[in-house]
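**Student:** Starting off with a structure, shown below.
There are 2 protein chains.
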Amino acid sequence: MIKKVLIAEDHESTNISVQKTMEELSIADPHYVYYCDDAFAKVQMAIQKGQPYDLLITDLSFEEDANVQKITGGLTLIPAVRQIQPDLKIIVFSAEHRAATIEMLFQQLDIDGYVRKARHDAKELVTAVEAVSRHQRHFPRHLTQLIKQKNTHDFSEYDIMVISRLAEGMHQKDIPAYLAENKIRPSGLSSLEKRLAYIREVLGFSKNEQLVAFCKDMGII
Amino acid sequence: MIKKVLIAEDHESTNISVQKTMEELSIADPHYVYYCDDAFAKVQMAIQKGQPYDLLITDLSFEEDANVQKITGGLTLIPAVRQIQPDLKIIVFSAEHRAATIEMLFQQLDIDGYVRKARHDAKELVTAVEAVSRHQRHFPRHLTQLIKQKNTHDFSEYDIMVISRLAEGMHQKDIPAYLAENKIRPSGLSSLEKRLAYIREVLGFSKNEQLVAFCKDMGII
DNA sequence: CCTAATTATACGGAAAACCGTAAGCAGGAA
DNA sequence: TTCCTGCTTACGGTTTTCCGTATAATTAGG
Numbered sequence: 001m002i003k004k005v006l007i008a009e010d011h012e013s014t015n016i017s018v019q020k021t022m023e024e025l026s027i028a029d030p031h032y033v034y035y036c037d038d039a040f041a042k043v044q045m046a047i048q049k050g051q052p053y054d055l056l057i058t059d060l061s062f063e064e065d066a067n068v069q070k071i072t073g074g075l076t077l078i079p080a081v082r083q084i085q086p087d088l089k090i091i092v093f094s095a096e097h098r099a100a101t102i103e104m105l106f107q108q109l110d111i112d113g114y115v116r117k118a119r120h121d122a123k124e125l126v127t128a129v130e131a132v133s134r135h136q137r138h139f140p141r142h143l144t145q146l147i148k149q150k151n152t153h154d155f156s157e158y159d160i161m162v163i164s165r166l167a168e169g170m171h172q173k174d175i176p177a178y179l180a181e182n183k184i185r186p187s188g189l190s191s192l193e194k195r196l197a198y199i200r201e202v203l204g205f206s207k208n209e210q211l212v213a214f215c216k217d218m219g220i221i
Numbered sequence: 001m002i003k004k005v006l007i008a009e010d011h012e013s014t015n016i017s018v019q020k021t022m023e024e025l026s027i028a029d030p031h032y033v034y035y036c037d038d039a040f041a042k043v044q045m046a047i048q049k050g051q052p053y054d055l056l057i058t059d060l061s062f063e064e065d066a067n068v069q070k071i072t073g074g075l076t077l078i079p080a081v082r083q084i085q086p087d088l089k090i091i092v093f094s095a096e097h098r099a100a101t102i103e104m105l106f107q108q109l110d111i112d113g114y115v116r117k118a119r120h121d122a123k124e125l126v127t128a129v130e131a132v133s134r135h136q137r138h139f140p141r142h143l144t145q146l147i148k149q150k151n152t153h154d155f156s157e158y159d160i161m162v163i164s165r166l167a168e169g170m171h172q173k174d175i176p177a178y179l180a181e182n183k184i185r186p187s188g189l190s191s192l193e194k195r196l197a198y199i200r201e202v203l204g205f206s207k208n209e210q211l212v213a214f215c216k217d218m219g220i221i
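Chains as they are written, first to last, in full-length UniProt numbering: chain R, 1 to 221; chain H, 1 to 221.
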């Protein structure tokens, strides 16, 4: 049974509405934070007090601000809390729509549920919490649908990283050094070239300029 | 004074939180809809009953679903409601961050406020509603920052033409033929190269990808 | 019409990107 | 282990872009 819940979400409006959804689930007094570091601290504190959380609901992306954080987003927060409390249930509540990322969350980070911020997200969040309380996983409905669309390329974190650097004016030949520095693999120039060539081919593009323009239009970068 | 408010927002979670924010502003019983067509119908109905809305809070992007809509998003909803009720105050609440789009909203659609979905969006929404109730406009903070760095270079029709072709994937070496065909001068490859090099230099850019990204951000192309 | 100044183009070498091929390397199965 | 498979990387040739310089064309003023 889910009794004690922690919400990590930087968008105040979303944070509030998740709190409200918890009320509907008769989950009293959900705790909430706007920063990942606070989330981690609260989980840690709860364990020390012998009253650990049952569920963490977290966003993936947290915007940077003056308040510099050690943990910068859901992708680092989740492993961190899992390390100190392996049985903590985790539901990710995010606008992320890329199938690859969501699958990664389930496979690599072993999350218990994913709810995509969309039209009926509050209702789906209720469903997800109920599923998790029955020790089931909650997969987002749209995940199966997304696999269909082939002609549109599913941009990975890697792709976005690389294209963002291009859009910032970094020379392609300098990106391998950047990738190596940030421990991102593959980092070889050849791999990079091939990946970009592949994306261009899938989308029917001929130039990186076109790819950058597309990603800007789509809000990918 | 703002008394009667309509919220148009397809994301349920966001919709709920906006409702909650209205409560804090002592705005009783805000109406809310998940579709643009419903929003328009409600505005129309309210006028007919002699009790028109004072404020519309709307998102820009509404996701398509089985429920096919005539009005597909905020950009079409706003002119539609303005036509039947010119004095209706409108605040746009969206994740859109491109300066060009936001400026367009103020200049072309004459909206009264813009609040970007971000960390302190609920607080900013309160501020925005308060400003609007005083018949003031509410500009998003990050917009003023972007305006500064703008217009370091005056993009000519020629520049826009050329950069657009690049963004569409046309090879630089093929653009002279295109320019000649359309009787645009100068059409020489060398002149083209020099012009692009000049623009990049003025803006402190190193690559055409960066230039394309900039123009997309600024809404130049 | 001529001349000077400005602008446009041609050219060529250097740098970067592109692309095919082959070699290296890790992980899994027999 | 040995082989296989898939991913990553190195390498080399070609194409494209970049950029400096030189030449040609255009324009403005007298």
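Yeah, the Cβ is synthetic: ideal placement off N, Cα and C, and Gly gets one too. Quick caveat, the model's predicted, so the values are computed rather than measured.
(1) Taking 7 angstroms as the threshold (beta carbon to beta carbon), is Q210(H) in contact with chain R?
(2) Which residue from I7(H), E181(H) and M104(H) puts its Cα closest to that of D217(H)?
(3) Using a Cβ-Cβ cut-off of 7 angstroms, state whether G169(H) counts as contacting chain R.
(4) Indicate the three-state DSSP secondary structure (helix, strand or coil) for L55(H) in the structure shown.
(5) Can you tell me which of the three DSSP states K89(R) falls into?
(6) Okay, do the segment 201 to 212 of chain R and the segment 160 to 172 of chain H touch, 3+ Cβ pairs below 8 angstroms being the bar?
(7) Within 10 angstroms of its Cβ, does Q30(H) collect 16 or more other Cβ (buried), or is it exposed?
(8) Taking R82(R) as the reference, which of V68(R), D112(R), D65(R) and E63(R) has the closest Cα?
(9) Tell me which residues share the same chain as L179(H) and place their Cβ nearer than 7 angstroms to its Cβ, disregarding the 5 neighbours each side in the sequence.
(10) Between which two residues does the beta strand (DSSP E) containing I84(R) stretch?
(11) Near Y53(H), what residues of its chain come up, given a Cβ to Cβ distance below 7 angstroms and the 5 sequence neighbours on each side ignored?
(12) Name the chain R residues that come within less than 9 angstroms of L166(H), Cβ to Cβ?
(13) State the beta-bridge partners of I7(H) as determined by DSSP.
(14) Kindly indicate which three-state DSSP category R165(R) falls into: helix, strand or coil?
(15) Buried or exposed: which applies to N15(R), given that a residue is buried once 16 or more other Cβ atoms fall within 10 Å of its Cβ?
(16) Would you report the Cα separation of I78(H) and L109(H), rounded to the nearest angstrom?
(17) Within the same chain, show all residues whose beta-carbon is closer than 6 angstroms to that of Q69(H), passing over the 5 residues directly before and after it, in chain order.
(18) Have a look at L196(R) and Y198(H) and give me their C-alpha separation to the nearest angstrom.
(19) Using 7 angstroms as the limit for Cβ to Cβ distance, is E193(R) near chain H?
(20) Buried or exposed: which applies to E124(H), given that a residue is buried once 16 or more other Cβ atoms fall within 10 Å of its Cβ?
(21) Using a cut-off of 7 angstroms between C-beta atoms, extract the partners of T58(R) located in chain H.
(22) Assuming T58(H) contacts I90(H) (C-beta within less than 8 angstroms), just tell me the rounded distance between them.
(23) Can you pull out the residues from the segment 62 to 81 of chain H whose beta carbon lies closer than 9 angstroms to at least one beta carbon of chain R?
(24) Determine whether the Cβ of I16(H) lies closer than 7 angstroms to any Cβ atom of chain R.
(25) Based on Cα-Cα distance, which residue from F155(R), F40(R), K49(R) and Q51(R) lies nearest to L75(R)?
(26) With H, G and I counted as helix, E and B as strand and the rest as coil, what does DSSP make of R185(R)?
(27) Rank H153(R), V92(R), A177(R) and M1(R) by C-alpha distance to the C-alpha of E26(R) and give the top, closest one.
(28) Mapping the DSSP letters down to three states, classify V68(H) as helix, strand or coil.
(29) Residues of the segment 107 to 140 of chain R with a CB closer than 8 angstroms to any CB of chain H: list them in chain order, please.
(30) Going by the DSSP bridge assignment, what does G113(H) pair with across the sheet?
(31) Is the CB-CB distance between H11(H) and K117(R) below 7 angstroms?
(32) Only counting the same chain, and skipping five residues up and downstream in sequence, which positions put a Cβ closer than 7 angstroms to that of L60(R)?
(33) For a contact defined as C-beta to C-beta under 7 angstroms, what are the partners of E12(R) on chain H?
(34) Count the other C-beta atoms from every protein chain shown that fall within 10 angstroms of the C-beta of P140(R), then say buried if there are 16 or more, exposed otherwise.
(35) Interface residues of chain R around K216(H) at Cβ under 8 angstroms?
**Tutor:** With the structure as the only source:
(1) yes
(2) M104(H)
(3) yes
(4) strand
(5) strand
(6) yes
(7) Looking at the sequence provided, one finds Pro at residue 30(H) rather than Gln. Classification for P30(H): buried.
(8) D112(R)
(9) S187
(10) Where I84(R) is concerned, there is no enclosing beta strand (DSSP E), although the alpha helix (DSSP H) it sits in stretches over G74 to I84.
(11) K4, V5, L6, V43, A46 and L88
(12) K207, E209, Q210 and A213
(13) Y32(H) and I57(H)
(14) helix
(15) buried
(16) 7 angstroms
(17) Y35, C36 and D37
(18) 27 angstroms
(19) no
(20) buried
(21) Those do not exist, as T58(R) stays about 14 angstroms from chain H at its closest Cβ, beyond 7 angstroms.
(22) 7 angstroms
(23) F62, E63 and D65
(24) yes
(25) F40(R)
(26) coil
(27) Here the sequence assigns Ser to residue 26(R), which means Glu is not the residue at that position. Of H153(R), V92(R), A177(R) and M1(R), the residue nearest in Cα terms is M1(R).
(28) coil
(29) K117, A118, R119, H120, D121, A122, K123 and L125
(30) I91(H) and H138(H)
(31) yes
(32) G73, G74, L75, V92, S94 and E96
(33) R119, H120, D121, A122 and K123
(34) buried
(35) V212, A213, K216 and D217
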